[in-house]
Each structure stands twice: as structure tokens, then as C-alpha cells.
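Down below is the structure, laid out as C-alpha cells.
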Amino acid sequence: LMLSPLCRADNWLVDTGNDPPLHHGLSSFGKMVLAEMNRLGMIVDLAHVSVETMKMVLNLSKAPVIFSHSSAFSLCQNHRNVPDDVLKIVASKDSLVMVNFYNNYVTCTDTATLADVAGEAGAWPGCGVAVSPPSPAHPIPSVPTDHMDHVKKVAGAQYVGFGGDYDGVT
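Numbering of the sequence shown is given in the working numbering, commencing with residue 23 and proceeding in unit increments.
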């Protein structure tokens with residue numbers, strides 16, 4: 023269950039980052055909802071929430087959480103993306119960031135390519151893609167330039183996945 027859609031009308035559970043903070047993370051009721059979600063074994067989705075909410079939920083949750091469609095803030099400074107300090111908490115909590123394909127969250131512009139999300143084809147050894155040594159024209163960068171590699175570098179390979187927003191992103 024994604025926490026943020028529950029608060030779209032009046033922000034009664036969490037701060038989303040779209041508006042000035044009301045709860046500095048979770049409201050009292052939001053903390054109760056989180057505890058109940060943990061008790062029921064529901065997956066908590068932190069896509070769309072503020073950084074304060076990300077940190078609070080990661081620290082309070084008794085189970086791993088996901089970001090079903092978020093990217094790396096270091097590469098695109100959109101409030102919907104996950105900052106590096108939060109990526110480190112994600113790793114410590116065995117949680118998951120599923121990188122989004124939406125242009126504005128990948129490049130902070132109206133256009134993006136798959137390479138902006140997941141790098142060049144063949145750049146990930148062992149991922150089921152035939153890999154050849156990098157040519158001088160296309161070396162594998164030492165500093166990640168795509169969101170998948172960035173999350174992998176900061177949090178770890180086991181904490182990154184592909185995500186999507188189900189609103190017709192092309």
C-alpha cells in the first residue's frame with residue numbers, strides 16, 4: 023500500500039514534499055497505520071513522500087519497505103527522488119528502490135532514454151546480457167551516470183530494481 027495516495031486530499035497521514043510539512047514525517051495516525059501494515063504483512067510504498075517521511079518510516083517500520091517508482095536525487099533533484107543518505111538507510115533496512123522511467127524524475131527534463139535509467143546495454147556483467155569489453159568509444163564510467171548504477175553504488179545491487187508509474191509513461 024502506498025502511503026501518499028491516502029493523504030492526497032488533506033495530508034492526514036504523511037508529508038509528501040509537495041506542500042509545507044505538517045507532521046514532519048508521519049502523523050500520529052500515520053504511525054498507527056504503519057504499525058498495522060507491518061502487523062498485517064503489507065508492503066509499505068514510500069513513492070511520493072517527503073524525505074522526512076522516508077526517514078521516519080524506514081526507522082519505524084518493522085519490515086522492509088519499497089519505493090515503487092522513485093529515482094536517485096543525486097542525478098535529478100526532483101523531490102520525488104531518493105537522496106543518498108536515504109539510500110544508505112534503504113540498504114540497512116533491506117528495502118528496495120525501484121527506479122522510475124518518468125522523464126522528469128530521470129533527467130529533470132521532458133526527455134529521457136533507457137540509458138539514463140539503466141546505462142548502456144552490456145554494461146552489467148552477469149545480468150543475462152552478452153557483455154563484451156568496453157571499447158574506447160563507450161567505456162563504462164567510473165562515476166555512475168544512470169539511476170540504476172547510482173542506487174547500486176550507494177545502496178547495493180540487491181536494493182535496486184525497475185519500477186514504473188502506471189499512468190501511461192512512455
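Even for Gly, the Cβ is constructed at its ideal location relative to N, Cα and C.
- Using a Cβ distance threshold of 8 Å, HIS169 and SER117 do not count as a contacting pair.
- Boundaries of the beta strand (DSSP E) harbouring GLY183: 182 to 184, taken from the DSSP string.
- A residue is called buried when at least 16 other Cβ atoms come within 10 angstroms of its Cβ; ASP138 meets this threshold and is buried.
- Here LEU118 is bridged, per DSSP, to ILE88.
- According to the DSSP secondary-structure assignment, ALA94 is paired through a beta bridge with VAL104.
- Residue state for ASP171 is assigned as helix, using DSSP reduced to three classes.
- LEU44 carries a coil assignment under DSSP once its states are collapsed to helix, strand and coil.
- A distance of 8 Å or more separates the beta carbons of LEU68 and VAL55.
- Rounded to whole angstroms, the Cβ separation of HIS91 and GLY185 is 4 Å, and the two are in contact under 8 Å.
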